[in-house]
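Engineer: For the sequence shown, my numbering begins at 1 and goes up steadily by one.
One structure coming up, written as structure tokens, with questions to follow.
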Amino acid sequence: MVKYKYESVKIALGGKLKEDHQEIINQYARRGYRFVGIVPTKFNGSIMTNFDLVFEKD
């Protein structure tokens, strides 16, 4: 059965990410997870302010 994990990432005003998305992806990869995509989770008007990184593991 495939197991999924979600890691929330916030976007600051001006569009800068508050967390290092590349480091998060690398951390999950070291634990055997594959990065499969992103899901926008929060918006301020039409501007995305949060998203989830999605990972899977067999």
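We put the CB at the ideal spot given by N, CA and C, even for glycine.
#1: If you reduce the DSSP assignment to three classes, tell me which class Y33 lands in.
#2: By DSSP's criteria, L13 is part of a beta bridge. Which residues make up the other side?
#3: Using CA atoms only, rank isn't needed, just tell me which of F35, V9, K5 and G15 is closest to S46.
#4: So, at 6 Å on beta carbons, what are the nonlocal neighbours of E56 in its own chain, with the 5 sequence-adjacent residues on each side left out?
#5: To which residues of the same chain is E7 closer than 6 Å at the C-beta, ignoring the five residues directly before and after it?
Structural biologist: Working from what's here:
#1: In the structure shown, the three-state DSSP call for Y33 is coil.
#2: L13 pairs with nothing; no bridge assigned.
#3: When each option's Cα is compared against that of S46, the closest is G15.
#4: Contacts found: V2, Y4, R34 and V36.
#5: The residues are I24 and L53.
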